[in-house]
Every structure is written in C-alpha cells, then in structure tokens.
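The block underneath contains the structure these notes are about, expressed in structure tokens.
Chains as they are written, first to last, in the UniProt record's numbering: chain Z, 1 to 743; chain C, 1 to 743.
Okay, structure coming up:
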C-alpha cells in the first residue's frame, strides 16, 4: 500500500546528531568474538539468496488478481504457507472475519453543459500479459459510502484544508456540490474527508498527468507512467482514526468478536460517495468548468485552462457496494528460538494486492520468502536461532491494514510480552535504501546499512543513501549538515503499511524497510502493476529483491542472535530533543506569520494588491499565537538524558561481565511501551504512541509528537499545553523505567 | 517592446533605505509658495486629460500595421506631428536611414521521422477587426541571419547558459544541430546567441502554453492568452553589445554617416538563422523528439512527455531576408522654455509597432499625446514652461531602439549639455505603477506617486504599488522590511525601451514609467495586439491611460518648473551602498557554493546519487572563488557619502537664499555623466554607465554595477578586480564633482 513514503516522512526529522563512524570490528549487541560468528552467519545467509528465485516468485504471486476475499488470495495464502513449511517453519493460517466492500454500481456522468459518461476502465494491453484478466477489481475507492448524487462540480486542487481556504478567498463554497480533487500531496483518504467536512455531497479523485501521467515520463506501455485510462484504486477508510476492520476497533476480528452493528455506524467510514478516475475521464469534466481560473499551482498538465467552477457543469455520481463479511488469511510461520523461545523477532509483508500487485506487495513478499528460504536452509544445516523467528504474510493490507491489525490486536498482550521487534516491508524497487522506525534502533540499522553492498554501484547502500541525501539537500548549509553526518538516520513512521498497529497501538519497536527511487511509474494500484511492467521498469534483474532480503535478513538475525539487544536510547533521546526544538520553532514561526498576516489584513494590503475586476474576499484575521510553556517537555528530556547516559555505562558493564542478560534484554525491548499515552491521542485514542502517528490531515505522512504538533497546527493552544504535559509524562515514564534497569 | 520588464528588473535592488514619509506641504525643488502654484498647475493639467480621447487615439493609431518602413509608420508619424503642431508645439520629423530586414523566405519543416510543415501564420478572427489585414509583417525574428540548414533537433529549455550545463551532464551536444528553445526567462535574443556560442546551426524559438498559452488563462478570442497559432515576433539583434542601427554604432544614422560595409560585419548580428513559432507548429517537432526525458522544470504544458532529443527528428529551417535601408521617422515637438530654453525636459514613447500594436506602443503613445494636448491647452491659456519641453515619438524601436538611439547619438553632445531628464513610456495597461530610472530622482518620483490616485481603488498609486510589493514579498522578514519602507523605490533600468541610449550611453538622467500587472495576455508582438483585445482585456475604460499621462505629466512639469532640480544624490549613494553589499554577498555565496559543490564532486556524490541506468556526466570542478578586494569601492562610497551629505546643506542654503540657481541646476542634471566609464564596459564599450546596463546574458534584465557583477558571474576574478577599480574611479569622480558644486 505504501507510496510516496519517503517524500512524506522525510519531513518528520530535520537534523541528526553527529556520531563517529560505527563501522568497527564488533557489532552492537555482540562481543568481539560473537561479532565474528554473526558476520559468518550473515554471509552464509547471503549465499542462499537468489535473484532469479525472487523474480520467479514475483511472477508466481502476480499471475492472478489476489485482493482479499478473492480466490487468488486464498490460493496464494496456501501457497505461501506451503513454501514456509517446506523451508522448515511451523506454519498456520489465522483467519479473521472482516468487512470488505466491493462495487456493485459505478456511474459517473456529466449531464450538462454537454453529456459524457466516464469509462472507469483500464484497457487490456497486448504488452501486458495479465491486463484484462477475469476477476480483477474494477477502479474504485474502498469504503466510499453508497450514494447517488447530482450537483455542480467544483475543482478543489488536492482537496486539502488550505485549498478550501483559497476557495473561500474566491467566494466559492462546496456545500451541496460534488468536488473533484487531484491525487497527490496527501493520502487519498484525506480528500473526501475534508470535502465532507466542508459539506460536499460527493468526491471524485483523478490522476492528473502532471503528477501521474505523461508529464512525468512516457506512458505505459511505452514507459512506466500512467496512460490516459489508468486510475488508482485505494482505501479511503479514515485510518488515522483507527485502521483494521472498521467493525472491531481495538480487538481481533474473530468470529466471536463483538462488532459495531453496521458499517454506517463505524466512526472511521465516510458518509459521502467517492470515485477515482483516470485523466481520460476527468478531462471533459474539468474542461467544462467555468468560474475563476485556478491559481497557478492548482493547474495540472491537461491541455486547457483549468477553471475552478462551478458553472454549467452538472455531474451525476452513483456508487453502490456489496458490504460483505469476508475471511482474512494471515499466514504465520515460526522457527522456535533455541535459547529464548519466548522472545519473538517478527518479520512481515502483506500478500494481498488491489489487483495483480507485482510491485505492491509481491516484490517485498518475494524478498521476504527468499529470506525465509535461506534461514530454513541454515536450520536444515543444523543452525538454530537464539530467539524465535516469526515470518508473516498479511492479508487485507490494501483496504486498511486489516490482516496485520486484527492479528496484532488479537495477540496484543502476548506481543507486548514477547515481541522484540517487528520488521516490515512492502513494495520494493531499484534504488536507495529507505529505512524508518523506532529511533532506539538507529545504531543497529546504521551498522546493517553499512554492511550491505548496492548492486549497481558496489558502494554500501548507506553510502548511496547519503549521496542522494546530500545532493537533494536544499542549500549550502543543509548540504554541509548532511556531509557532517556519519550515520544512517531512521525516518519516523506514519502509516501506509503493516507496522502501524505494532508500533503505534502496542508500542512495539518496529522498522519498515525497502528500496526505491529508481523505478518511478504510474502502475500503483492499477491493473498495470504487473510482472511485465515490473520486469521492464522496476528491478529488471531483481537485484534489489536480494538487497532487501539481505537488509531485512541481517536485521532479523542481529535481533535474534544478539546477546544484548542493540537498542540505543541515546539516539532516541537526541531525536526527541530535535522534535522538541522543531515544535518550538514551529510555534515561533506561526506567531511571527500570524502577526504579520494580521497586520497586512488590518491595512487591507491584500485587497489593494488584488485585481478589483475579480472576486477577492480577504480572510479573517487569525488569533495571535500565545507563548506556550515547553518546560515540562524540556525537563522530561533532561531526565531522559540522565537515564540514557547512565544506561550506556550499565550496558558496557553488562557486556564486559558477559553471561545471561535475559532480564535486561526484556526490559530493553519493552521500553518503547513506556511511551504509550494512557488515553491515546485526542479524538483517536486507538493511536497511543506519544512520538509517532499518521497525520490527521496528511494520512500516511507522519506527525512526530503528534498530540502536541497537531494541536499547534490546528491552533488549539489549550490542547497543545495539555499534550505537552502528557508527552512529558510519557517521556518521564520512560526515563524512570530505564533508570530502574540500572538497579 | 518592453515585456516582463518588472519581473526582471525587480531583482536588481534588494532592500531600500528607510525614510520619513515625503508627503509634505512643499514639493522637493520648490519653495513653500511655489509648491502651491505647482500643485495648481498640475491640477489644471489633470483636468484636460480625457480617457475617451486616449481610447480614440489607441483606436486611430492601431487601425493599420505600422512597423518601421511601412506606409502606416509614415502616415502615423505625420499624424502625430500634426497633432503636436495643433497643440502648439514646434515640430519636425527627423529622418534617419537605417538597416531593416524583412522576410522573403520562411520555411520550417520536419523531414523525419514523419513530415510536417509549419504554418507560421496567425489566422484572422472575426472577433478581432484588424486581424488578417494586408501589410502585416509575418511571424519572424528581425536580424536572424539568412540561412538554409538541415539537422537533428535538440530541445534546450529556455536556451540559457545553465541549460547547456544540464545538457552536458546528459552528454548531449548541440554542435551542428538545430535547437528549439522556449520563450521566457530571458530576452529572446539571448537564446540564439547562446545557441550560436555552443555551435548550433539554427535556432527555433516557440511559445510554450505553460508560459504563454492556455496554462496561463483562456486563449484568444475567449480570453487574452495566446492561442495555438499565436507567435511572438521580435528582434534578436544582440543589443547588449549596442542598440540602434547595426551599421552605425555610436553615431547618428544620417545619410552621410560612415557605415559598416555590410550587415555581415556588424558585431551585434547573428550568424545563424532564427525563427519564432507557435505551439501549434512546435508540438509535432517536440513530440517526435527522443533521447532523455527533459528535467521537470524544462517541461511545458503540451500534452505529452518532453524529451530533449536528438533522435530521428530531422528539421529543415530556411529563412532569407531583404536587408534594405529604410527611413526612420522620429517626430520631435518642442515648447520653448520661457526662462531656461537651453534646459530640456524630454518625454518620449515609440510610435512603431511590430504589427498593429494597440498595447505596444500605442497605449503609451496615446497617453503621451494626451499630456501634450493638455500642456498645449495650458500654453494657449497663457502659461509658459520654465524649461523647454520636448515631446518625441520614436520610430523603429521594435527592431532595436533604432529611432531613439540614432537621434540620441546624432544629438549626443547637445543632449549632454541641455537634457535635464529623459522620461520614457511604452505599453501601458490596468494595474500598478512601475517606475524605474536614475536613483537620484527617487524622492521626486516618490512625491509624484503619492499624489496620483489609482482609478480603481482610489488610494494613491504609491499605496497600491506598496500593497502588491508587501503581499508578494517572500517570507515574514521580507514582508517586515517592505512594511518598514515609506518611499517608492525606483527599479534599476536594463533595456527594452527607448531610455537606453540616453541613460546608458550618454549618462543622462532617465525614467521609465508605466502601469501594468492587471492586463495579462498573449498578444505581445502578435497580430492580436489590437484595439479589440486592448479594449476587452487591457484597460477597458482607458483610465490607466489617464493615470500614465498624469504620472509622466507631473514628472515633466516638476522637472520643467522646479527652481532647484529635485535630484537627491543621497538616494543614489544609498542605492550604490546596497549594490556593493549585494556584490560582496554574491561573491561569498559563490565561494561557499563552489567549495561545497567541489567537495561533492570529489566524493562523487552526484554519480552515486544518479540512476546508473541513465547517462550522467559529472561536471568538472570549478575554480575556487578567491577573496576580492572591495575596498576601493567602499572607500569611493565613503567619499560619495561625504559629498552628498554636504550637498544636502548646500541645497538647503540655496533654497533659503532663493534667487537664480541656474549654475547649480546645470551641475545637478549633468552629475550623472560623471558615472560614465572612460572606456565603457568590457567587450561592449557603447555601454558606458558604471551603474546600469542590460545583462550580457539576460538582455532586458538589468545588471547593476555591470562591469563588476558580470565579471563575478562569469568567474573572471581578474576582471572583477579591475572593474571594482574602474567603478570606484567613476564614483570618486562623481563625489569630487558634487563637492565642487559646493564651492
């Protein structure tokens, strides 16, 4: 499901602490001797990885449509289980019963000034063997409401809150109207949600060729980019409230689970109909719009003048869905730990796709299965993992992380006891390592990244990652800062893949790993996410499938074999320090901007600068930004720093002493749970992590210290102050917890 | 001819000195008593101005094509003379003999992979009465070389030096090829010049709908923007070397003038053929290109993927011109000064157009004629100007400032003796006052702007100008800075209209005035620059014609009537101080960037960050930026400050003393001549002003302190040091000159 992942999360973290190059003889978590053994283990692991095998798996698992509830999904779940079994894993399929709507009716037509009926169909292409297969889900947005609406059409750009502020200035209201928004800039689900908040009765989401079509590159089948008929399926469940089965928030969707009576009562489902369309279908609608010309940054790449509307353009949107309960097949494979069977290192990737999903998710799934094969081979060779390794293939990720969420909710208590780390992956392609997750794992990840060779350039994937980072850094100062860094930073995690419940609901340390950036295209969630396209444009030699298998595999093996788990809370502390500075800067910037904007408004500068022949309604002045007390947060960080500083010593001692560290290890991997907020986040208490959450108005995009940050962004100063208190409490709790370790 | 004037020149000047609001009882240059008389004079002047009359004049003077050498041009010159005569001016037409090429052959065709023949024609429209008239010049670039070339086509973005740096990284060379460049980002003449420097054999310039078509707004006739067939005529003479008749640099093109033997020897003419085309004609050529996909900011708004080429696309470009000598009719009207007949206040606007030119130049011309009418009426009423008023309508501005340049060169010595100021205007439309010129006139201009009411908002044109400035300022800091300002700043003048020779060759104080910003469109230099379009989209009530007449008229009357000419060299000093700071910052920034870029190159970061499946050639490291000695400039400024400080006192004293200030006045208006460089600018000694010149690689765009700035930009550190010395010399000369006044 993940997409434009890096683009978004990178905004989460500004600068990183400087540290000496971590590439030493010993690996964090191991002694000098065991470091050597571990390195041998990892190279034995690497030798088993086979790019051609990964390619074959991608072909196999994308041969048919396999969305949740399809025949393909069940067939592939069974096939995955059999593979894992054959590798020597104890396997089972855990089945949950979840709600999953599929379309019965999809109609979009223009009834005036001219008439036009949208195709809503991606054609079969002779260059793409699986295009046009039977049983492929048609183009739709899962969790749209049923609806049959007629009305004026208004173009709302990306459909974000700031776009509606622009509309207000132009005197345009969407109440009772149907809006058309572009894909991009936010997770798709935000667009209908904000439209609904503004009184729209329906929402069309289209792919503009500017972001997702010929403007970007040659279109399919000549190139990989979206052709005029391509459209993007996807969930519009409001999963920033909670993901998973909408009827069973917080609990596993077992047969016997108590459920919300009807999808109409689910608090994370929309009340208005939504439909995604291609630019072929969008063109006549947009072209017919009247009203003001759209602001420059609203205009796309279609060959006419973009107007906002409304005008004579009348649109009829009708969608109806089959809201059925379906089975959700999670495949679980285990290899019991020889010494610590009750400490689980969990690795996961989803197996369901919107259609054939060669890239999303099969490219990641194939790499994970290759890891499992290699581990299995070592086990057959007599090796045994110290901790238990759990390999999972999730169903129903696309509609809203259904499989992973229900499983993690179902096994929540046990996971909080046993799970050392959850390692996630999803779609994968040629390019650069993208790693996000719990910041106490920064050092471990840094060491792993420096040990993996980039298939194309033969430098480490760390070096390539850094090269891209410094080249894309804006300005001399930023470039200097990046050059000064000597470690791989971790992006903060928002949402968009199966790590969410583990990290943000249960407080389990998590990582999300993948390669990308050199396989751009427009196949995402379309029938063209096929083996043929993947092979031509994404990772022709499947070498990056191997790179992912190595990266995730090395992480899994270090987490399963280390004597002392490689958590470093100093890195977490430094990250929190940076976030706190960010929040203070954010507040000051908002204060400055508000003051100057209000001054300009009071002097009617905007009116005088605007063209009197056009409608311009000056916005209302905003309330001034008060000074907020950040001291509780700052004091909590001082306490945390003390704890983390002394913890360094404790770990050194323990390392030197050797022997059994089981108690200490358990305390280390459970530490992150201390950061869970007692009552969760405001208005969405399913999300309990004080540091990481998807943004209420960005979706996949992370908000770090979300309680505080979003209160500030929403100008709710009272809540901001409360949230500072609550986050400070959580951080102090962690500090106290870590200092207990030292006794 | 001017276009995107503001956009470019605004970059010239960053922040402005703060000063108290200048709106006082007395007007600078007048006593408390005479200020009152002057105000009455100006309101009498205003009462005579009639919008309908201006509208009628725009209709009259755009009824026929009237480019230089056309029947229309001669007819209109005579009509202008008769009007001025009827207003009471002593008039004459001064005729020069200049070279002016018109097209005989224009062929552009694609010979492969498919065939296509460019239309090169703007169609007649029923909504536009003068479209498709007989005798309209076809679409072409004047001063293109004759040529018949065949070759591969390469897309070079805007055709600027940095675009060729990008091509080098992609391993693409234009030697022996034909380039196609977009209009925009620079004066058009820069594009073929840079193409020629890189070995191209031909240059096509097209209007992309992104900058100049449907992306901007509805196209003509529905809206004012360029339709698919519209194309932009214009000169590609390299007038940054020298403007005017290419055969007579530095001297008036009289019958008897010694001329360069042939246009082939003129140093400011191209050696390669150039042709401007519409996006209708460009589309098949661009669409057929192969090779790498163009970088994101190279892509326009045509509905396909932009490639750079080369590929199979073969192009044939053939142009031939009739290089004939033609008469150039400058209309000169004078009203002799009653007290100071040998002090001339000169007002000018060109009368020639590329086609019908309702906007460019007739909208400015009509305003100027309305001023002349009003002044004439006052003279008939018994009033007499103190100084001589000279109203001029120039011919041949479009091909390269021919009329104004030849006249100013012809009368250079006399003008340097007599001319107090040259006040220019050109195209005019609804919107905001744009004023540029000699910075010693800042205070005078500020006072005038504060006294003129904006027709739409009824605040002063100063207030509206400032409102736009603060709203468009980027960032809180910039907005605060603008809010703190209390005066109208003057933009520095580059080129693009008839002020150039007066200011940059002769050192005569000059101003360029106009309104704009609320009449955007694509008619520029096309057959659609018509009365019909102007009336609908540019200034429907002609109220801004009146505003321009008021603005330029008040300036003319203050310059002609003031007892003490309102020059304030403190403003000039402060401006030079800012330019010097800019140059130092520019050097430091370049030093920083060079250091970091070279570091990234030495660590092959760019190679590692680039996609190995695509060609990428890392650029060579640039020479480090040495430390340059700015002290000569800084010391010169200290001297200048001393002079200007004491001059303030001298002027106060003189004011108090009253009586005859003739000697002082003459010294004041001749002061700017002290800033002329003995040997002019490097490689273009026609340009002699140490402070203002059009950019060697921007064209119309100004370069302030050009000798120094361009040496730095071109990384010629030795020349930069020399130019600092020479500019310092000129500034010291001015300082000494001003201190002499005080004796």
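Where is the CB? At the ideal position from N, CA and C, for every residue including glycine.
At a Cβ threshold of 9 Å, is residue i touching chain Z?
i	result
residue 625 of chain C	no
residue 227 of chain C	no
residue 299 of chain C	yes
residue 593 of chain C	yes
residue 286 of chain C	no
residue 456 of chain C	yes
residue 710 of chain C	no
What does a CB cutoff of less than 6 Å around residue i pick up in its chain, not counting 5 residues either side in sequence?
i	result
residue 495 of chain Z	694, 700
residue 223 of chain Z	217
residue 341 of chain C	388
Just to confirm my understanding: we take residue i, look at its own chain, exclude 5 residues before and 5 after, and list those with CB closer than 8 Å. What are they?
i	result
residue 416 of chain C	506, 507, 508, 670, 673
residue 93 of chain C	77, 78, 81, 329, 330, 331, 332
residue 112 of chain Z	312, 313, 314
residue 109 of chain Z	115, 116, 117, 118, 315, 316
Is residue i close to chain C? Criterion is C-beta to C-beta, closer than 9 Å.
i	result
residue 191 of chain Z	no
residue 252 of chain Z	no
residue 223 of chain Z	yes
residue 305 of chain Z	yes
residue 23 of chain Z	With a pLDDT of only 43 at residue 23 of chain Z, under 50, the local geometry of the prediction cannot be trusted, and the value read off the model is given with reservation. No, residue 23 of chain Z does not count as interfacial toward chain C.
Are the CB atoms of residue i and residue j nearer to each other than 9 Å?
i	j	result
residue 424 of chain Z	residue 498 of chain Z	yes
residue 394 of chain C	residue 529 of chain C	no
residue 570 of chain Z	residue 647 of chain Z	yes
residue 46 of chain C	residue 456 of chain C	no
residue 335 of chain Z	residue 384 of chain Z	yes
residue 749 of chain Z	residue 541 of chain Z	Here chain Z has residues from 1 to 743 only, and residue 749 of chain Z is not among them.
residue 42 of chain C	residue 451 of chain C	yes
residue 348 of chain C	residue 404 of chain C	yes
With DSSP as the reference, identify every bridge partner of residue i, one or two as the case may be.
i	result
residue 421 of chain C	C:345
residue 180 of chain Z	Z:155, Z:204
residue 434 of chain Z	Z:514
residue 105 of chain Z	Z:320
Give the range of the alpha helix (DSSP H) segment to which residue i is assigned.
i	result
residue 280 of chain C	279 to 287
residue 729 of chain Z	717 to 741
residue 662 of chain C	662 to 670
residue 57 of chain C	51 to 61
residue 691 of chain C	Residue 691 of chain C -> no alpha helix (DSSP H), and no H or E assigned at all.
residue 264 of chain C	Residue 264 of chain C -> no alpha helix (DSSP H), and no H or E assigned at all.
residue 593 of chain Z	569 to 602
residue 211 of chain C	209 to 212
residue 378 of chain C	364 to 380
Output needed for residue i: all residues of its chain with C-beta closer than 7 Å, excluding positions within five of it in sequence on either side, in chain order.
i	result
residue 310 of chain Z	152, 153, 154, 177, 291
residue 685 of chain Z	679
residue 30 of chain C	38, 562, 563
residue 106 of chain Z	120, 138, 140, 275, 319
residue 324 of chain C	100
Please list the terminal residues of the continuous beta strand (DSSP E) segment that includes residue i.
i	result
residue 316 of chain C	314 to 335
What residues of chain A sit near residue i, judged by a beta carbon separation below 7 Å?
i	result
residue 480 of chain Z	As a matter of chain content, chain A is missing from the structure shown, whose protein chains are Z and C.
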